[in-house]
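**Student:** Got a structure for you, questions after.
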Amino acid sequence: MKKGDPENLSNYRPITLLSQIYKTFSRVVLNRITKDLDMFMSREQAGFRRGYSTVDHTHAVRQLVEKCNEFQIPLCLAFVDYKKAFVDYKKAFDSVERNAVLNALDKCGVNPQLLKA
């Protein structure tokens with residue numbers, strides 16, 4: 001269950017019982033795609049990447065603001081509302097178009113054979 005009212009069914013995530021072979025195959029494909037994408041993405045991209053954390057970025061921004069205040073240095077950030085800078089989109093994966101994801105992976109140089117799997 002996600003956060004929220006336990007009486008509301010939209011707060012629950014679906015449970016899937018998959019075969020072990022499928023899980024192993026999926027892990028192999030994921031590892032290969034991840035290798036291709038890691039070369040394409042900058043180190044600033046932290047969301048949903050092993051070894052990276054958006055918490056690090058949040059901490060860095062907070063430290064930057066605090067140090068600028070401490071030393072009375074003007075600071076201009078690229079976002080207007082800090083609450084909008086770190087957005088957690090509700091049900092983001094439910095609304096993703098599969099073809100858009102496949103096209104993006106293709107443009108990033110992911111092996112086309114892996115995209116067919």
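Counting in full-length UniProt numbering, the sequence shown runs without a single skipped number right up to 117 at its last residue.
Glycine residues also receive a C-beta, built at the ideal position from the N, C-alpha and C atoms.
Just so it is clear, the structure is predicted and the values come from calculations on it, not from any experiment.
1. How far does the alpha helix (DSSP H) with Ala60 in it extend, from its first residue to its last?
2. Can you give the beta carbon distance from Gly47 to Thr54, rounded, assuming they're within the 8 Å contact cut?
3. Could you give the C-beta distance for Ile33 and Leu102, rounded to a whole number, given that I count them as a contact under 8 Å?
4. Quick one: what does DSSP say Ile21 is sitting in, helix, strand or coil?
**Tutor:** Taking the structure as given:
1. One-based indexing of the sequence shown puts residue 60 at position 60. That run of the alpha helix (DSSP H) goes 54-70.
2. Indexing the sequence shown from 1 puts residue 47 at position 47. Indexing the sequence shown from 1 puts residue 54 at position 54. 5 Å between Cβ atoms; contact.
3. Indexing the sequence shown from 1 puts residue 33 at position 33. Indexing the sequence shown from 1 puts residue 102 at position 102. Cβ atoms of Ile33 and Leu102 stay farther apart than 8 Å, at about 11 Å.
4. Counted from its first residue, the sequence shown places residue 21 at position 21. Of the three classes helix, strand and coil, the one that applies to Ile21 here is helix, per DSSP.
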